[in-house]
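Peer 1:
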Amino acid sequence: MLMFTLRRLSLFLFTMVLLSILTFSLRYFFPGDMLINLSGEVNANAQRLNQLAIDYKIHQSIFSQYWQYLVNIYHGNFGLSMASHLPIKQEIVSLLPATIELSIMALTIAMLIGIPLGFIAAIYHQTKADNIILTFAIVGHSIPVFWLGLLIILIFSIQLAWFPSAGNLSLLFEIPQRTGFLFIDIILSDNPYKWQAFANALRHIILPASVVALAPATVFIRLARTAMMEVLETNYIQAVKTKGLSFMQIIYHHAIRNALIKMIRHIGLQFATLITFAMITEVIFSWPGIGRWLIISIGQRNYTAIQYGLLVLSVFIFVVHIITDFIYAALNPLARERNHGS
Amino acid sequence: MMLTRQLNYNFLIQLFSVNFLLVLAACSPVDNDIRKNSIHDDSVIYCAEGSPETFNPQLVTSGTTIDASAKQLYDRLLAFNPEDNSLIPALAKSWHITHDGKMITFYLRKNVSFNHTDYFTPTRKLNADDVIFSFKRILDKNNPYHDVSGGKYPFFQTIKFSQLVNDVEKINDYTVRFKLNHSDSSFLSNLATDFSVILSAEYAEHLIKTKQKNLLDKRPIGTGPYKLKEFRSGSFIRFYRNPDYWAHPIKIEQLVYDITPINTGRLTKLLTKECDVISYPIAHNKIINHSDFNLDSVTSFNVGYLGFNVTKPPFDNILVRKAIAHAINFAAIIHIIYGDQAQLASSLLPENSWAHSKTKNKYQYSIPLAKSLLERAGYAQGFTMDLWAMPIQRAYNPNALKMAKLIQADLQHIGIKVKIVSYQWNTFLRRLANGEHDAVLLGWSADQADPDNFFTPLLSCAARYTGGNRTFWCNKDYDQLLAKALSTSELAIRKQYYQQALAIIDNELPLLPIAHSKRYQARIKTVKGQILPPFGGIDFSNVSKQVLENSSQDLAQKSKINILDETKIGDN
C-alpha cells in the first residue's frame, strides 16, 4: 500500500506541475494587457499597474514569474473577476459546492439506476429484458444533454408543473452561506422556514441531477453488465454453483460484491464526463455552479475567471480520480500489487 | 443460461422499489407543504430583465436601474397622480410658488423615517437637511459626494438643472426653498420624476466618517416602501418591507427581483410559478388565454415617428408631406411591426399625458386623396426619395427597416419610389445631424411625464442644433407657444397652449407620429394591486397577495390542468 500511495502521489504531483504550466502559459495567449488579464483589475491606473507588475514579477525571468504564479495559487490569490470585480477565490468558494452537490446527486442517481439495471441485463443475458435495457442505454447515451434538459423542463416544469425550472432554491428563502453546500447550510440555518427550504431545494435538484445522471447511468449499465457477466463466468462462481447454492445466494453473496469492486474505478473515471455534462446542465437550469459561471465567463471574456476556474475545476476532477483510486485499492488488494498505472 | 431462468422477478422489483421510492418521496408530499402557510403567501418574486448598475436613480437613465431603485427604495418631494398625471404631495406635504415663479417653497412632512437596514440605523427622521443634501449633491461641484460614482447626473444635465436652480436653502427644519434663475413650469414635474429622489444626509455623513463614501449609491438608504437586504449582480435583489413607511402600510414582507435576462426564461418562470410577476413578457396570447395569469400594459411616454427633412425639396412642400400621410396604412404598421402592442398615435403626445385631448386623426388612409394632394403639389408623376431607417431596436420602433419596407410598398401606390437607407447607429446619427436624409424613421422616449418633454426636444428651433429636431422645421409661433406654456403653472392654460402647438404640428406636418409603444408585464392572478404606474417605471408599494382558501391544494397541479385544457376550467 505504501508503494501504491507513493506512486499515486508522484503521479499527482507531476500532473499538477503540467497543469500549472499549461494554465500559466494561458497568460501569453489571451489578448489584451497581460497584467489586467492576470489581476482582473480592469480600472487600474498607471500607479496601480506598476504595483501589479512588481507583484506578479512581470519584468523578471519567466521562471520567477512561474514561481510567483505558484505562490499566488498557494495563497489563493486568484485576482479579481473582470465581470463582478469580486475576488475569484470568493466566487469559486461560493460556486464550487453547488456543482459538487449537483454532481454527487447525479452520481447517486446514476449509480442507483445504472448499476442494478446493468446487473439485471447481465443476469437476464440475451433475453428481452437485456435487449430493452441495452436499447435504453444506447438511446440514453446518444441524447444530447442540452436537448434533454430543455425537454425535461418542458415536460416536468411547464406541462406537469412538478418541479421548478431554474436555480437551486426559491429566492424567498434567505439561507446564509456557511459551508457553501446548500443542503448543509439549510440545516445549519436558523430560518423558521428551514424545512420548507429543504424540501424546496430537493425539488430543485431533482431535474438537473437526473439530466446529468442519464449519460453516466447508461455507461454504468454497460459497465455493470460486463462486470457481472465476467464475474458469472469465473471459476469461483462455477464452484459455488456446483456446491448447490441457490441462484439468489450466488448473486447476493458472491457476484454483486465482486462486480461492484470492478465498478468503483469506472465510477471515478466517469466523474470528468459528469462534470462536463453538469456544466451544460447548469446553464440550462440556471444552476449557480462553477460550470455556468465558467461558460458565462467565456462569453464575457473574463480571462481571470477562465484561467483560475479551469485550474480549480481540473484539480478538483483529478483529486476525485485519486480518491477513487485509493478507495479501489483499499477494497481490492489485487490492484495494489500491480506495477503500472493501469 | 440455466441460471438466469431460475431467478424470479422479485429480485428486479426489490432492486427498483427502493430507488424509485427515494426519488418519488422527494416530490409529491413536499409540493403541498410548500404552498400551505408558506413563505410564498406574503412575498412577491419579480422576474426582472437585468441587474441595476447602481441603487441611486440620480445617476442613470437606464430603465432597469430605475425599476430596481426609484419607487422601491426612495420617495420624492412630489408625486404624479396616477389618475391624470397631475402633481400631488409626497414628502412635501404642500408647496408654494411666488408670483414670478422663481421661488418655490416646500413644506416637508414630519415623521418620515428612513430605512433601518443591516448596514445603517438612522437616528433621526427626514428633515430639510436631507432634501438639501440630495439636490446639493447634483448642483454643487464642491459637495463631497458630487464626484462619487462618476459625477454624472444625466437626467439633470438634460434638463439643465444647474442653470435653472440658483440655490436651495433651508428655512427651518421642515421648510426648504428653491431659488430659480427663471421660472419654469416643468420644474415641479421634474422633481416628481423617478430621478429626483431624496437621500439621507445623516447616512452620507456617517459614510464620510467611516471613509466609505462610495457605498452611498451601492447600499442605499431611502424613505421608500422597501429596504435593501441583499444584492447579487446578475442573480437577485432582496428587499424587505419598510415597517415604518409613512404613506401606508406595506402588505408584503419580502420582495425579490429574480434577474432573468432571457425572455423565454422569464416566461417559463411565470408558467412554473417561480415568479409572481415578470417584466416584458413574450407570448402574450398564451398569457391572456391562461386562467391563472393576467397581462398588464401601460402606454409608455414615447413616440415613434416619420420625420421629413423640411429643408429639402420636395419635402419643403406641405402638400407633399400631407399626401404621404394619407398614403401610408398605419393600422397595418401597428399590426405588423408592433404586433398590436402599441397605440396608433393620434398626436405627438401619448393619451395618458394630461395635455392630451382626444382628437381624430386628420390623415385617414386614402390613396385617391393622397394622389390629388400630390397633383396639387405638382408631383403628379411622383418622385424618388430616400427613407432612412434606424438600425437599432427601440420600444417605440421595434423594426425600423421592416417598417420602411411597408412604407415603401404603400408609397408605390402614389408613384413615389422609396430607397431605404441605413447605417451603423453612430454614423446614422452623425449623417442625420448633417441633414443628409429626405425622411427618417425615428422616435423619442420622454424622461418624464411633462408634455414639454415631447414638444421642445423634438421640434423647437433650438433643437435643430442640439440634436433632437431632425426635421429642421422651425416655427416661431410654435416656439412662442411652448415658452408661454412653460411660464405659467396653471395646468388648464398650459394645456390650451399645448393644444395650439399640436394644431400647428398637425397643419404643417414636419413629422408624422406613428405609434406609442406599450410596456407589458404579466403576473399571477393572486398578486393584487397596481404595479405599472401610467407614467413609467414600476412600483410595488401597493402590491398584496391574495391567499386562496384552498391554497393547501396543489396549485401546481391546477396549472397543469389549465395548460392542457384551458377551456374546461374557466372559473378557477
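Same order as they appear, the protein sequences are chains F and W.
When we follow the working numbering, the leftmost residue of the first sequence carries the number 1, and every step to the right adds one.
When we follow the working numbering, the leftmost residue of the second sequence carries the number 1, and every step to the right adds one.
Using N, Cα and C, we set each Cβ at its ideal position, and we do this for glycine too.
Quantities reported herein were computed from a predicted structural model and do not represent experimental measurements.
#1: At a Cβ cut of 8 angstroms, what residues of the segment 155-187 of chain F count as close to chain W, listed as they run along the chain?
#2: For P243 (chain W), which option in W:T264, W:L349, W:T117, W:I259 has the closest C-alpha, if you only look at C-alpha atoms?
#3: Whole angstroms are fine: how far does the CA of K269 (chain W) sit from the CA of P261 (chain W)?
#4: Any heavy atom of the ligand MN within a distance shorter than 7 angstroms of the CB on E351 (chain W)?
#5: When Cβ atoms are compared, which residues of the segment 266-297 of chain W fall closer than 8 angstroms to chain F?
#6: Check the Cβ-Cβ distances between R494 (chain W) and every residue of chain F, and say whether any is below 8 angstroms.
#7: Would you please state the rounded distance, in angstroms, between the beta carbons of R265 (chain F) and Y328 (chain F)? I believe it to be under 8 angstroms.
#8: With DSSP run on the structure shown, which of helix, strand or coil describes L228 (chain W)?
#9: What are the partner residues of W95 (chain W), as DSSP defines its beta bridges?
#10: What would DSSP say about M385 (chain W), mapped onto helix, strand or coil?
#11: Looking at chain F, which residues of the segment 235-255 of chain W have a Cβ within less than 9 angstroms of any of its Cβ atoms?
#12: What does the alpha-carbon distance come out to for the pair D325 (chain F) and L134 (chain F)?
#13: What's the C-alpha gap between F24 (chain F) and G50 (chain W)?
#14: Less than 8 angstroms between the C-beta atoms of A325 (chain W) and L486 (chain W), yes or no?
#15: Check each candidate in W:F315, W:Q393, W:L188, W:G382 and name the one with the smallest Cα separation from W444 (chain W).
#16: Beta-carbon of D258 (chain W) versus every beta-carbon of chain F: anything under 8 angstroms?
#17: Would you say P288 (chain F) reaches chain W, if we count a Cβ-Cβ gap shorter than 8 angstroms as a contact?
#18: Nearest chain W C-beta to S84 (chain F) closer than 8 angstroms, yes or no?
#19: Cβ closer than 7 angstroms: which chain F residues qualify as neighbours of H40 (chain W)?
#20: Which term fits L516 (chain W), buried or exposed, when burial requires 16 or more other beta carbons within 10 angstroms of its beta carbon?
#21: Does DSSP classify S134 (chain W) as helix, strand or coil?
#22: Which residues in chain W sit within 8 angstroms of I343 (chain F), going by Cβ to Cβ distance?
#23: I187 (chain F) by DSSP, collapsed to three states: which one?
#24: Quick check on I153 (chain F) - is its C-beta less than 8 angstroms from some C-beta in chain W?
#25: Run through the segment 296-324 of chain W for me and flag every whole beta strand (DSSP E) of 3 or more residues, listed as ranges in chain order.
#26: Listed from N- to C-terminal order along the chain, which residues in the segment 220-233 of chain W have their beta-carbon within a distance smaller than 8 angstroms of any beta-carbon of chain F?
#27: List the residues of chain F whose Cβ lies closer than 7 angstroms to the Cβ of I45 (chain W), in chain order.
#28: Checking contacts by CB at 8 angstroms: is Q90 (chain F) closer than that to chain W?
#29: Give the residues from the segment 187-216 of chain F that approach chain W closer than 7 angstroms (Cβ to any Cβ), ordered along the chain.
#30: Identify, in the order they occur along the chain, each residue of the same chain with its Cβ nearer than 7 angstroms to the Cβ of T15 (chain F), setting aside the five sequence neighbours on each side.
#31: Using the Cα positions of A68 (chain W) and K545 (chain W), report the straight-line distance between them to the nearest angstrom.
#32: Run through the DSSP bridge pairs and tell me what C474 (chain W) is partnered with.
#33: When the Cα of T99 (chain F) is compared with those of F:H321, F:A278, F:L334, F:Y56, which residue comes out closest?
#34: Within the same chain, show all residues whose beta-carbon is closer than 6 angstroms to that of K484 (chain W), passing over the 5 residues directly before and after it, in chain order.
#35: Which residues mark the beginning and the end of the alpha helix (DSSP H) in which T218 (chain F) is found?
#36: What do you reckon, are the CB atoms on N127 (chain W) and D167 (chain W) nearer than 8 angstroms?
Peer 2: The structure says:
#1: S157, I158, Q159, L160, A161, W162, F163, P164, S165, A166, G167, S170, L171, L172, F173, E174
#2: Position 243 of the second sequence, counted from the first residue, corresponds to residue 243 (chain W). Nearest of W:T264, W:L349, W:T117, W:I259 to P243 (chain W), Cα basis: W:T117.
#3: Locating residue 261 (chain W) in the second sequence gives position 261, where the first residue counts as 1. Locating residue 269 (chain W) in the second sequence gives position 269, where the first residue counts as 1. Answer to the nearest angstrom: the Cα atoms are 12 angstroms apart.
#4: Within the structure as shown, the ligand MN is missing, as the structure has no ligands at all.
#5: T268, K269, L271, T272, K273, E274
#6: Sequence index remark: in the second sequence, residue 494 (chain W) carries index 494 (1-based). No, no contact with chain F.
#7: Reading the first sequence from its first residue, position 265 is the one you call residue 265 (chain F). Reading the first sequence from its first residue, position 328 is the one you call residue 328 (chain F). Indeed, because the Cβ distance is near 5 angstroms, the residues count as touching under 8 angstroms.
#8: As a working note, residue 228 (chain W) is residue 228 in the second sequence. In this structure, L228 (chain W) counts as strand in the three-state DSSP scheme.
#9: Reading the second sequence from its first residue, position 95 is the one you call residue 95 (chain W). Answer is W:F106, bridged to W95 (chain W).
#10: Indexing the second sequence from 1 puts residue 385 (chain W) at position 385. In this structure, M385 (chain W) counts as strand in the three-state DSSP scheme.
#11: S235, F236, R238, Q254
#12: Here the question's residue 325 (chain F) lines up with position 325 in the first sequence. Here the question's residue 134 (chain F) lines up with position 134 in the first sequence. Taking the straight line joining both Cα atoms gives about 28 angstroms.
#13: Sequence index remark: in the first sequence, residue 24 (chain F) carries index 24 (1-based). Sequence index remark: in the second sequence, residue 50 (chain W) carries index 50 (1-based). Cα to Cα, the separation comes out at about 35 angstroms.
#14: Locating residue 325 (chain W) in the second sequence gives position 325, counting from the first residue. Locating residue 486 (chain W) in the second sequence gives position 486, counting from the first residue. No; because the gap between Cβ atoms is not below 8 angstroms, this pair is not in contact.
#15: Numbered from 1 along the second sequence, position 444 holds the residue referred to as residue 444 (chain W). The option with the nearest alpha carbon to W444 (chain W) is W:Q393.
#16: For the purposes of this step, residue 258 (chain W) is taken as residue 258 along the second sequence, with counting starting at 1. Interface residue, yes.
#17: Counting from one through the first sequence, the residue named residue 288 (chain F) turns up at place 288. Closer than 8 angstroms to some Cβ of chain W, the Cβ of P288 (chain F) qualifies, so yes.
#18: The residue you call residue 84 (chain F) lines up with position 84 of the first sequence. For S84 (chain F), the answer is yes, since a Cβ of chain W falls inside 8 angstroms of its Cβ.
#19: Counting from 1 along the second sequence, the entry for residue 40 (chain W) is found at position 40. Going along chain F in sequence order, the residues near H40 (chain W) (Cβ under 7 angstroms) are L172.
#20: Working through the second sequence from its first residue, we reach residue 516 (chain W) at position 516. Note on identity: in this sequence residue 516 (chain W) is His, with Leu being the wrong assignment. The residue in question, H516 (chain W), is buried, as its Cβ has 16 or more Cβ neighbours within 10 Å.
#21: Translated into the one-based positions of the second sequence, residue 134 (chain W) becomes position 134. It is helical.
#22: A question about residue 343 (chain F) goes unanswered here, because the residues of chain F that appear run from 1 up to 342.
#23: Taking the first sequence and counting its residues from 1, one reaches residue 187 (chain F) at position 187. It is helical.
#24: As a working mapping, residue 153 (chain F) is identified with position 153 in the first sequence. Closer than 8 angstroms to some Cβ of chain W, the Cβ of I153 (chain F) qualifies, so yes.
#25: 302-308
#26: K229, E230, S233
#27: Here residue 45 (chain W) is taken as the residue at index 45 of the second sequence, counted from 1. L171, L172, listed in chain order.
#28: Here the question's residue 90 (chain F) lines up with position 90 in the first sequence. With 8 angstroms as the cut-off, Q90 (chain F) does not count as an interface residue toward chain W.
#29: Y193, Q196, A199, N200, L202, R203, I206
#30: Within the first sequence, the letter at position 15 stands for residue 15 (chain F). For T15 (chain F), where only same-chain residues beyond five positions count, the Cβ hits under 7 angstroms are F318.
#31: As a working note, residue 68 (chain W) is residue 68 in the second sequence. As a working note, residue 545 (chain W) is residue 545 in the second sequence. Near 20 angstroms, if we compare the C-alpha coordinates of K545 (chain W) and A68 (chain W).
#32: Residue mapping note: residue 474 (chain W) aligns to position 474 of the second sequence, counting from 1. According to DSSP, which records beta bridges pairwise, C474 (chain W) is partnered with nothing at all.
#33: The residue given as residue 99 (chain F) occupies position 99 in the first sequence. If we check each option's Cα against that of T99 (chain F), F:A278 comes out closest.
#34: Residue numbering aside, residue 484 (chain W) sits at position 484 when the second sequence is read from its first letter. Within the same chain, K484 (chain W) has close Cβ partners Y497.
#35: Within the first sequence, residue 218 (chain F) is the residue found at index 218, counting from 1. Where T218 (chain F) is concerned, the enclosing alpha helix (DSSP H) stretches over 194-233.
#36: For the purposes of this step, residue 127 (chain W) is taken as the residue at position 127 of the second sequence. For the purposes of this step, residue 167 (chain W) is taken as the residue at position 167 of the second sequence. Contact flag unset, no.
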